[in-house]
Each structure stands twice: as C-alpha cells, then as structure tokens.
Amino acid sequence: MLTASSSPSDANSSATADNCPVSLAVTSSESPVPTQNNGPRITFTVSSDTSTVTHSRPRLRLGVRRQPKPPIQEIFRRGQEVLVQVIKEGVGTKGPTLSTYISIPGRYLVLMPGLQRIGVSRKITDEQQRRRLRQVLQELHPPKGLGFIIRTAGLDRTKKELQRDLAYLSRVWKVVIRRVRKTKAPALIYQESDMIIRTIRDVFDSNIETIWVDEPRAYEHAREFLQIVMPRYANRLQLYSESEPLFHRYGIEKEIARVQSRRVQLPGGASIVIDTTEALVAVDVNSGNFRADNDAEQTAYQVNLAAAKEIARQLRLRDLGGVIVIDFIDMRDDQHKREVERTLREAVKRDRARTKILRMSPFCIVEMTRQRIRPSLKRSIFEDCPWCHGTGQIKTAESMSLEIMRLLQLAAHRTEVRRVVLRVAEPVAHYLLNRRRKNISSLEERRNMQILIHVVPNQPPDFLEIQCLDSQGAEVKLLNE
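In case it helps, the numbering used here puts the sequence shown at residues 61 to 541.
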C-alpha cells in the first residue's frame, strides 16, 4: 500500500504523453502479441541494426492533402519481427491496440525513440517558457536517435534534475535494445515499473510532505527509485509500521468504497448517479434534499457546480472513457449554464487522459468524450453476475412460469408427445405447483400426457431445461431453433 499525506485519493498529474503503463513486445506477423500491459501511442521503425532507430512520423503542411495510408500488408511481410507497444488494453469484444511508435515516460521527460527532436508538452502554453525549456534540453545534448518531450512536471525543474531523468531514460532504452537483440518473437521486452513507482513518478510533487509505504520490500524499491530520479525528496519517503492499517488511518477505505458505488453523495444531500453501458457512460445529477433559499434556479445552479467538479474527479478515479453524457439539473439562466460548463472544463484539466467537451444543450445535457486507455475500474474489480449477466435484472418467477405454460401448451399440441420433463429453479417450481397446478393437471388429462417438474437448486429464475418424449421414450424436438 502507498499513500501520501496530501489528498491521497485524488491524484493530480500533468503528463500528456504517458497516460498509461508501458509494455513493449517483439512480435512476428504470424504470432500473437503479449498484451498484459499497455502504454501510450507512438510510431517507430527498427532498421536492420536494432541499435538504431529511424523515425518516419509524417508532417502535415498547409495546402497539402494527406496521402492515404497503405494497406498493412504492404508495410509488414510475413515472419518479420516488429517492436510494438500496447497502447490500449482490450475491452469487451474489442482487442488490444498496438503501435510501433514507442514512448517511455520518465519523471520530467518522455523518451520518444526515433523522434530525433525536442518537444514540450502541449499543456505548457507560455511560449517563452517553451523556448526556455527547449534551450535547456538542447544544452543537455540528448543521445543521437532519441527524442524527448518535456512534461509539465518538468516546468520548474533544474537543469541537473532534467539531466538525471534524461540519463535514466537513456539507460532504460539501452536495456530495451539489448533485450531485442537477444529475444526471439513473440516475447515481452519491457514492462513499465509497478504501480508504486508509477504513482510516485506521476503524482508526487513538492507539495506532498510525506509518502507512506507499509510494505518493507516496496519501501526499499521506492527508495531506490527516488534516490535515482529525485534524490532531494528521498527523505520524504517513510516506512509505515503502526498497527492501525494505513488505508484505514487516512480514510482511503471509505474512498475506495465510494468509488465502487453507483451513487456518489454531494455536500448538502445532492448526489450523482453513474451508469455504464456498452455504448456510453450516463451521469445523472440529483438535487436530493439540497435547497438554496427556496430558489429552484439557485438550487440547480449550486448543485450543478458541485456536480461538475465531482464528475471530473470520478471519471479519473473510475477510469471511465468513451462517450459520456451528463444530465445536469435544468437551469433557465444562460449565464449559469455557461458557468457550469466552464467549471467542468476547468476540472478536467487535471486529467491526463484527453477529453473533449461539447456545449451544454438547451436541456442542460453535456456530451463529452474521454480517452479510453485501459479497462475501467469497474471492469477491473467486478465481474458480471452469473444470474443476470451484467444487466442487473432477472425474470420474475411469475413471468418465467407463464413462459413455461406456453411451452407446455405447444407440447400438448404435438400429438406424439407423451411426457414432458421440466427442470426449473426453486421459486419457479413453487409458483407452478401452487399457482398453476390446475392448468397443468388439465393439460395432462386433456392430452393424455405426463408433466414432471424437477427442482434444480441455486439457479436463477430464468433457468429452464425442457425435454419432450414420445411413447417409446424417444426425444421429440419441441422447437426448431
């Protein structure tokens, strides 16, 4: 476990090129690729000498039409070994996304092999600062064939700190190249550091006073990383040895339970409800018991402002991506609508994933998209219910019994059927025997057939196995499907 004494449950990172863990693999075009982990999107081609990298990133020019991309069959040949990076894990029926653009994030820099240039994060908008950072990085003389992008975390860093991060990433790339030379595809070449190292790298800043780790081996691992990358902050790492569980002491268990709940409470009794479907994420804002001076417009406005901030936070914590539709409480004042919209835009600026927000509709509905990098938290810690299969609903015993009665009527219509064997869930069996006994007996007498009901324990109400037999005991197919 790891926690920091400053807002442990709401991490803020300024990265733009390192939205997710890094995983590199060498693959053959005839072989599957390991996809245990994922990393950001990049482009990269390896020459016959695996120690060199050639970069072929196309540049767009005004007035020049982009050339159509050639078919993948024209780029790779069968049996060719290719170094790829998993940039997005598979979700549902969608497979993982791979790329040949390699990107390895450090604390202040992002290594882009083959880029052969220096870049600055798009989140750093001050042109004077951008020029200064480029100049500093150029003075560090990056290795030939390796490009670097300065992250927002590197904005106020010293030249020595940037030099240390550059050296660290250069060593990592040498390890990658060495493994590529020795490994036959398909194989995992490089996997980014564990969660604790990634958290320190992406979340830690000078405002955090203490990093607590409650496991000795993880503590030593984190201490080694800090001494290499951020030695002046190494003393802020502490080993937690108290008897009270670390997460319980800092209230993180409550936050974990909160982020797993469908409903999130807001101050004053308001709430938001988050529902995830295959197509989109729906967020509903409810005022609940919150009232602002008995003024409906002010109530809606204040609840929506609080909801906008919390929604942005919940999207980060839950790793929700794709299309997101937010149903705010109706407001009449256009200025209030614009302010809620502005608050939401400001809140998502802390998000490392790319987001796009559309204007609020007349019905106070906001549509937005958030970059889907990995499976959501819900997919990671929950599995579909074996009874409802993730729908959240199951048939009632009554509705299932009515369906069975229609099947029995169909069986009675078939003159060759002499016996029907039903295997059903316990509540359905009770309903049939108690509420439909007369109907079943009537069918048996009228059609000279026998209906047997067997209870199968521990099954959902919609469980049904039906077998129709003729006078010789041979099975009669009831339905064509």
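Built from N, CA and C at the ideal position, the CB exists for glycine as well.
Nearest-angstrom Cα separation, counted from residue j out to residue i
i           : j           : result
residue 409 : residue 344 : 22 angstroms
residue 269 : residue 139 : 52 angstroms
residue 338 : residue 445 : 16 angstroms
residue 286 : residue 234 : 21 angstroms
residue 136 : residue 160 : 12 angstroms
residue 153 : residue 428 : 23 angstroms
residue 498 : residue 471 : 17 angstroms
residue 149 : residue 195 : 37 angstroms
residue 65  : residue 455 : Because the pLDDT of residue 65 is 42, which lies under 50, any placement of that residue in the model is unreliable, and the number read from its coordinates should be weighed accordingly. Their Cα atoms are separated by approximately 48 angstroms.
residue 404 : residue 422 : 17 angstroms
residue 273 : residue 190 : 36 angstroms
residue 453 : residue 520 : 11 angstroms
residue 495 : residue 517 : 20 angstroms
residue 432 : residue 378 : 11 angstroms
residue 313 : residue 307 : 6 angstroms
residue 295 : residue 228 : 20 angstroms
residue 507 : residue 439 : 51 angstroms
residue 261 : residue 193 : 20 angstroms
residue 413 : residue 482 : 53 angstroms
residue 566 : residue 304 : Since the displayed the chain opens at 61 and closes at 541, residue 566 lies outside it and no answer follows.
residue 218 : residue 198 : 14 angstroms
residue 391 : residue 451 : 32 angstroms
residue 369 : residue 394 : 19 angstroms
residue 503 : residue 484 : 19 angstroms
residue 531 : residue 500 : 19 angstroms
residue 301 : residue 310 : 14 angstroms
residue 325 : residue 267 : 28 angstroms
residue 179 : residue 243 : 32 angstroms
Residue i and residue j closer than 9 angstroms at C-beta
i           : j           : result
residue 480 : residue 510 : yes
residue 366 : residue 358 : no
residue 526 : residue 464 : yes
residue 318 : residue 335 : no
residue 426 : residue 477 : no
residue 400 : residue 364 : yes
residue 46  : residue 513 : Only positions 61 to 541 of the chain appear in this structure, which leaves residue 46 out of reach.
residue 560 : residue 168 : There is no way to answer for residue 560, as the model of the chain reaches only from 61 to 541.
residue 265 : residue 213 : yes
residue 171 : residue 200 : no
residue 132 : residue 145 : no
residue 289 : residue 166 : yes
residue 389 : residue 360 : yes
residue 346 : residue 333 : yes
residue 156 : residue 164 : no
residue 210 : residue 184 : yes
residue 539 : residue 488 : no
residue 554 : residue 419 : The question about residue 554 has no answer, for the chain in this structure spans 61 to 541.
residue 141 : residue 245 : yes
residue 320 : residue 441 : yes
Presumed contact (8 angstroms Cβ cut-off) between residue i and residue j, rounded CB distance
i           : j           : result
residue 143 : residue 240 : 6 angstroms
residue 376 : residue 411 : 5 angstroms
residue 181 : residue 206 : Actually they do not touch by this definition, with Cβ atoms about 17 angstroms apart.
residue 491 : residue 458 : 6 angstroms
residue 436 : residue 380 : 5 angstroms
residue 297 : residue 271 : 5 angstroms
residue 522 : residue 460 : 6 angstroms
Outcome for residue i when other beta-carbon atoms lying within 10 angstroms are tallied against a minimum of 16
i           : result
residue 469 : exposed
residue 448 : exposed
residue 415 : buried
residue 118 : For residue 118, the predicted structure reports a pLDDT of 45, less than 50, and the residue's modelled location is therefore unreliable. The matter cannot be settled from this model.
residue 462 : exposed
residue 534 : exposed
residue 282 : buried
residue 473 : exposed
residue 362 : buried
residue 374 : buried
residue 277 : exposed
residue 177 : exposed
residue 128 : exposed
residue 202 : buried
residue 224 : buried
residue 397 : buried
*Of all the beta strand (DSSP E) runs that stay within the bounds of the segment 164 to 196, which reach a length of 3 or more residues?*
169 to 173, 178 to 180
*Which runs of the alpha helix (DSSP H) spanning at least 4 residues fall entirely within the segment 395 to 446, listed in chain order?*
437 to 441
*What are the complete beta strand (DSSP E) segments, minimum 3 residues, inside the segment 506 to 533?*
510 to 515, 524 to 529
*Within the segment 310 to 349, note down every full alpha helix (DSSP H) run reaching 4 residues or more, in order along the chain.*
312 to 319
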